[in-house]
Amino acid sequence: MFKTLNLLILRSYIGPLIVAFCIVMFILIMQFLWLYIDELMGKGLGTWLIIELVFYASANLVNMALPLSILFSSTMTFGNLAEYNELTALKASGNSLIRVMRPLIILMVFISGFAFYFSNNLWPVANFKMRVLLTDISKKKPAMTLKEGVFYNDIDGMSIRVMKKNDETGLLQDILIYDRSTTNSSYNKDFRDYKQVIRAEYGKMHRSPDNKGLVFELHNGEIYKEIEQNQLKDTKYPFQKSRFKHASFNLDLSSLDLKRSDENNYTTDQLLNVKQLDRNIDSLNKVARVIKENLTDYVSKTYATVRQRDKENYHPHERATAAFEDQPQVEQKKIIQKAITRCKNVKKHIEQQTKDALGYNEKYITTLKVEWHKKFTLSIACLILFFIGAPLGSIVKKGGFGYPMLFTIAFFILYYILTMIGQKIASNQVVVEYLGVWLSSFVLFPIGVFLTYKANNDSVLFDREFYLRILGLKKKVKDENSSAML
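Just so you know, this note's numbering puts the end of the sequence shown at 481, numbered straight through with nothing missing.
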């Protein structure tokens, strides 16, 4: 019996979980693409590059999609069981809510374990690769698209203008090319390495055989070339003009290609796992201790030098302050001013070391500690949101997409806002790291315990008639309904 019950509960839950996860992932990916649509459009990105970017983005969005899917599917599953009195029948046969939830609790433990592994090993790599790829895409120039009457200037050293073009035949009319490079012209060997202006009545363009360049087939045109300074002594004309009937002009499009960065040149704390973070935090704590010890030695040596100098000038038959009191008033002011200057220098050095070296070190330690705690928050959030969604569904007794979606959105917004606020104040050292990162868990855990307790004891927490009876409105509603029937 128990085996059949466990299979029934698991079968009722896994289906909505998978569907909810796929829907949430689709929505988040669409939001991601919409957010970066300006970076992606018009750059001629290949299909596999887009697939690679979406893959990394999908892995990066799991930390949002998984908790939301668990919350929604658990609320929907137990809402369906309660709505069709299946949960009531299970309780009537001697099974408590916790007993009904047992197979799903075991499943949640495995999902939480995978969530920790994902946060510790997979998510950092996917997030890193996605950011590097987005950086490379943002640096890529738009793909070459010629517009009528507009100069195209994204090719290095080139400006191209076409007055008219036919998209069906590919024919271009009134072509004007400004070649500002010195080695990009291959029209004629006699004119290589010179700046030039090319104009043609009409022509066509197509990709080169190696697909790395662009070939212009030009007709009925002229070339204006600038003569180099070292050749002006042989001629009194600074420009050279030539005509052609048919010419081929090659453009190098390598500047428009996407250049992939070397990932080894990037360093980020988000790539570190828990063990690596522990090791780095320990190393930084040692550095902080060394900085504090150096400051202590500096202060001690500074005042030790003053004490040593006073000791050397000390005479037993004189009072300790006699040397200072016997000095003229002008000398006393100089001594006091020198002491004040020395104290200011020591204070300035301490403040500078505390702000720059020690302050930066502590800020970096805080960043690493925040990353360390974030490795565990996803797995714990999955458990807490399950213990909110499952009892909430059994209390509300409504399945489908209506009420579960409403309560899911409300609790997930609360979870997301608390998570973002907590991580922000923890990173800014407003509160202790663990208190900020675990803020959402500290708030939602008591709610989960309360709802589980109420649901296990058949609470009427969301029963409309219960609150009407408390307010004394139940009898009034019945009387109004009776009058309406008469």
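The beta carbon of each residue, even a glycine, is placed where N, CA and C say it ideally should be.
Since we're looking at a predicted model, the values are computed, not measured.
- The Cβ-Cβ distance between L413 and V444 does not fall below 8 Å.
- In this chain, the alpha helix (DSSP H) harbouring G108 covers 92 to 112.
- For I32, the closest of F21, I45, M20 by C-alpha to C-alpha distance is I45.
- Inter-residue distance for A283 and N356 is about 7 Å (C-alpha atoms, whole angstroms).
- Remark: fewer than three beta-carbon pairs, one from each stretch, lie closer than 8 Å, so the segment 103 to 122 and the segment 426 to 435 are not flagged as touching.
- Unbroken alpha helix (DSSP H) runs of no fewer than 4 residues, entirely contained in the segment 64 to 92, are found at 81 to 87, following chain order.
- About 5 Å separates the beta carbon of N55 from that of N122, a gap short enough to meet the 8 Å contact definition.
- By the Cβ rule, the segment 95 to 103 does not count as touching the segment 400 to 414, because fewer than three pairs are nearer than 8 Å.
- Annotation for E196: the continuous beta strand (DSSP E) segment containing it runs 191 to 202.
- Partner residues in a beta bridge of K124, as assigned by DSSP, do not exist.
- Counting C-beta pairs with one atom in each stretch, the segment 395 to 408 and the segment 416 to 435 have fewer than three that are closer than 8 Å, which means they do not touch.
- Around the beta-carbon of G10, fewer than 16 other beta-carbon atoms lie within 10 Å, marking it exposed.
- Secondary structure of F211 (DSSP, three-state): strand.
- In the three-state DSSP reduction, L40 falls in the coil class, being neither helix nor strand.
- Put simply, of L30, F27, S68 the residue whose alpha carbon is nearest the alpha carbon of G388 is S68.
- Of the residues assessed, V285 falls on the exposed side of the cut-off, its CB having fewer than 16 other CB atoms within 10 angstroms.
- Burial check for P323: the Cβ neighbour count within 10 Å stays below 16, so the residue is exposed.
- Excluding five sequence positions before and after F382, the CB atoms of its chain that fall closer than 8 Å to its own CB belong to G443, V444, L446, T447, given in chain order.
- When DSSP reads this structure, Y219 sits in a beta bridge with V192, K236.
- Counted as a single uninterrupted DSSP element, the stretch harbouring L401 is not any beta strand (DSSP E) but the alpha helix (DSSP H) occupying residues 398 to 422.
- DSSP places Y429 in the uninterrupted alpha helix (DSSP H) bounded by 428 to 432.
- For the 8 Å CB-CB criterion, T361 and E428 form a contact.
- The beta carbons of P119 and L209 sit no closer together than 8 Å.
- Its chain contains R194, R238 as the residues whose beta carbon lies nearer than 6 Å to that of E217, once the 5 sequence neighbours on both sides are disregarded; these appear in chain order.
- Contact check for N451 and S64: beta-carbon distance about 24 Å, past the 8 Å limit, so the pair fails to qualify.
- In the structure shown, the three-state DSSP call for D277 is helix.
- Closest option to M25, judged by alpha-carbon separation, among M153, R6, V49: V49.
- With respect to the 8 Å criterion, L246 and I132 are not classified as neighbours on the basis of their beta carbons.
- Residue environment: M158 is assigned as exposed (fewer than 16 neighbouring CB atoms within 10 Å of its CB, all protein chains considered).
- Minimum Cα-Cα distance from I22 among the listed residues A52, S7, L0 corresponds to A52.
- Excluding residues up to 5 positions away in sequence, nothing lies with its Cβ nearer than 6 Å to the Cβ of W43 in the same chain.
- In this structure C377 is not in contact with I18, their Cβ atoms being roughly 18 Å apart against a cut-off of 8 Å.
- Sequence-distant partners of L380 (beyond 5 residues in either direction) whose C-beta falls short of 6 Å from its own C-beta, in its chain, are P62, I65, L66.
- By the CB criterion at 8 Å, Y197 and Q235 fall outside the cutoff.
- Going by DSSP, D162 is part of no beta strand (DSSP E) at all; its letter is neither H nor E.
- Within its own chain, the residues whose Cβ lies closer than 6 Å to the Cβ of F27, once the five positions on either side in sequence are excluded, are A52, listed in chain order.
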